[in-house]
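Counting along the sequence shown from 1, when you hit position 228 you're at 1659 in the working numbering, and nothing is skipped either side.
Down below is the structure, laid out as C-alpha cells.
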Amino acid sequence: MRRINGTALIIAALVVTVGALAFPVWSYADRSGTGQDNLNASSVATQWGPLSATDRDFLVKVRLAGLWELPAGQQAIERAPTEAVKAAGDHLVVGHTDLDKRARNVAAQLGVELPNQPTEQQQGWLRELSAAQGEEYERKFAQLLRNAHGKVFALIAQVRHTTRNTLIRQLASDANQTVLDHITMLEQTGRVDFDAIANEAAAGATASPSGPPPPDGNLPPAPPAVTPTGDQSFTSRPSPQPGAPTAVNTDRPAPQDPVPAG
C-alpha cells in the first residue's frame, strides 16, 4: 500500500512538472512583449498599408541624413582641393536634394513629423569638417560620410525587406540607389579607411559570424597570364589534322585575277 502511494505521488509530481514546463510554450503566442505583439502595437493603419515604428524611424533618418549631408556636400564643392572629392560632394548635393523632397512628401501623406535640424552628433561632424584643411579635410570628409552612409544602408535594406507600406517601400528603393551612388563616389576619392570601418563594426557586433574557416595559407598558385600575340581572330580554331581538307578562310577577301596590261 505504501509502495502504491509512493508511486502515485511520483507520477503526480512528474505530471505537475511537465505541465509547468509546457505552459509557457502553449501561452507564448498570447503573451505581450513578443515580436509580433510589438509590431502590431507600434503599427498604424494607412491607405497604403500598415506603417510600423521602423518605417517611421526610416523616414526620420532619411530626413536627418539630408540635413547634414547637403551642407557637407556643398562645402566639399567649395573647399576640396581635389576633383574626386568635389565630384563626391556634387553627388551628395544632387542626391539628397531629390531624396529629401521625396521623404518630406511621403511623411506629409503618412502624417509623420520630421525634424528640421541635424542631431547634435551631425552638427559636431559639420563643425569638425569646417575646422579641417587640405588633406585632413578630405580624409575626414570621406571617412565621416562613408561611415554614415554605410550605417543607413543597412536600415534601408531592412525596411525595403520588411515594410508593408507601399510608399515606404518605394522610398526605400529610391534611397537604396542614392546611398549606393554616394558610397561609390566617396570610395573613389581614395580617402576611405576601410580598416577603421571594419574595426568599428566589429566592436559593435554581439555575435561571431558563421561561415567557412579561413584558408590555411597554402593557396594554389594563380594561373599564368596569357599574353596575346599577333592576330587573335583565329586563335580559337583547331589545327587541321593530317590528311584533312584545308578550311577556306572566308573572313578574308578572295584574290582577284590580274588585269592584263595594255
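Even glycine gets a Cβ: it sits at the ideal position worked out from N, Cα and C.
All figures in this text were calculated on a predicted structure; none of them were measured in a lab.
In angstroms with no decimal places, state the Cα-to-Cα distance between residue i and residue j.
{"i": "alanine 1606", "j": "arginine 1494", "result": "11 Å"}
{"i": "serine 1604", "j": "glutamine 1564", "result": "36 Å"}
{"i": "alanine 1472", "j": "glutamate 1559", "result": "40 Å"}
{"i": "tryptophan 1556", "j": "proline 1655", "result": "48 Å"}
{"i": "asparagine 1596", "j": "glycine 1480", "result": "4 Å"}
{"i": "valine 1537", "j": "aspartate 1531", "result": "10 Å"}
{"i": "alanine 1467", "j": "proline 1646", "result": "The amino acid at residue 1467 is misidentified as alanine; the sequence shows glutamine. For glutamine 1467 and proline 1646, the distance between alpha carbons rounds to 41 Å."}
{"i": "arginine 1533", "j": "alanine 1632", "result": "30 Å"}
{"i": "glutamine 1552", "j": "proline 1652", "result": "48 Å"}
{"i": "alanine 1562", "j": "isoleucine 1508", "result": "16 Å"}
{"i": "valine 1524", "j": "arginine 1510", "result": "14 Å"}
{"i": "alanine 1539", "j": "alanine 1634", "result": "38 Å"}
{"i": "threonine 1637", "j": "glutamine 1478", "result": "38 Å"}
{"i": "phenylalanine 1454", "j": "asparagine 1630", "result": "Confidence is the limiting factor: at phenylalanine 1454 the pLDDT is only 47, short of 50, which leaves the residue's position unreliable, though a coordinate-based value still follows. Phenylalanine 1454 and asparagine 1630: Cα-Cα distance of roughly 44 Å."}
{"i": "proline 1549", "j": "proline 1643", "result": "42 Å"}
Mapping the DSSP letters down to three states, classify residue i as helix, strand or coil.
{"i": "leucine 1598", "result": "helix"}
{"i": "arginine 1494", "result": "helix"}
Could you check which residue in the options has the C-alpha nearest to that of residue i?
{"i": "isoleucine 1614", "options": "Glu1569, Leu1530, Ile1508 and Leu1576", "result": "Leu1576"}
{"i": "aspartate 1488", "options": "Pro1546, Asp1529, Glu1566 and Gln1601", "result": "Pro1546"}
{"i": "phenylalanine 1584", "options": "Leu1611, Leu1598 and Glu1569", "result": "Leu1611"}
{"i": "aspartate 1392", "options": "His1522, Gln1574 and Val1537", "result": "Given a span of 1432 to 1693 for the chain in the structure shown, any question on residue 1392 remains unanswerable."}
{"i": "leucine 1501", "options": "Thr1477, Ala1519 and Trp1479", "result": "Ala1519"}
{"i": "valine 1543", "options": "Glu1567, Ser1483 and Asp1624", "result": "Ser1483"}
{"i": "glycine 1526", "options": "Leu1498, Val1623 and Glu1509", "result": "Leu1498"}
{"i": "alanine 1579", "options": "Gln1589, Ala1496, Asn1469 and Ile1587", "result": "Ala1496"}
{"i": "glutamate 1569", "options": "Gln1608, Thr1528, Thr1465 and Pro1512", "result": "Pro1512"}
{"i": "alanine 1476", "options": "Leu1598, Asp1529 and Arg1622", "result": "Leu1598"}
{"i": "leucine 1541", "options": "Leu1490, Ile1628, Gln1506 and Gln1548", "result": "Leu1490"}
{"i": "glutamate 1566", "options": "Pro1644, Val1623, Asp1529 and Ile1628", "result": "Val1623"}
{"i": "aspartate 1521", "options": "Arg1535, Thr1528, Ala1562 and Gly1504", "result": "Gly1504"}
{"i": "threonine 1609", "options": "Thr1528, Thr1465 and Ile1628", "result": "Thr1528"}
{"i": "phenylalanine 1572", "options": "Thr1485, Ala1634, Thr1550 and Lys1517", "result": "Lys1517"}
{"i": "arginine 1591", "options": "Gly1581, Gln1506 and Leu1602", "result": "Leu1602"}
{"i": "glycine 1581", "options": "Ile1628, Ala1634 and Gln1554", "result": "Ile1628"}
Whole-angstrom Cβ separation of residue i and residue j, contact assumed at under 8 Å?
{"i": "alanine 1515", "j": "threonine 1593", "result": "About 36 Å separates the two Cβ atoms, so there is no contact after all."}
{"i": "glutamate 1492", "j": "leucine 1617", "result": "The amino acid occupying residue 1492 in the given sequence is lysine; glutamate does not appear at that position. Their Cβ separation, rounded to whole angstroms, is 18 Å, which puts lysine 1492 and leucine 1617 out of contact at 8 Å."}
{"i": "threonine 1465", "j": "glutamine 1589", "result": "The Cβ separation is near 19 Å, so there is no contact."}
When you compare the CB of residue i with every CB in chain D, is at least one pair closer than 8 Å?
{"i": "tyrosine 1568", "result": "Structure shown: chain D not included; a single protein chain is present."}
(request) Just list the alpha helix (DSSP H) runs in the stretch 1614-1648, keeping only unbroken ones of 4 residues or longer that don't cross its boundaries, in chain order. (result) With a minimum length of 4 residues, the continuous alpha helix (DSSP H) runs that stay inside the stretch 1614-1648 are 1625-1635.
Q. Which whole runs of the alpha helix (DSSP H) in the stretch 1533-1602 are 4 residues long or more, in chain order?
A. 1551-1562 and 1565-1593
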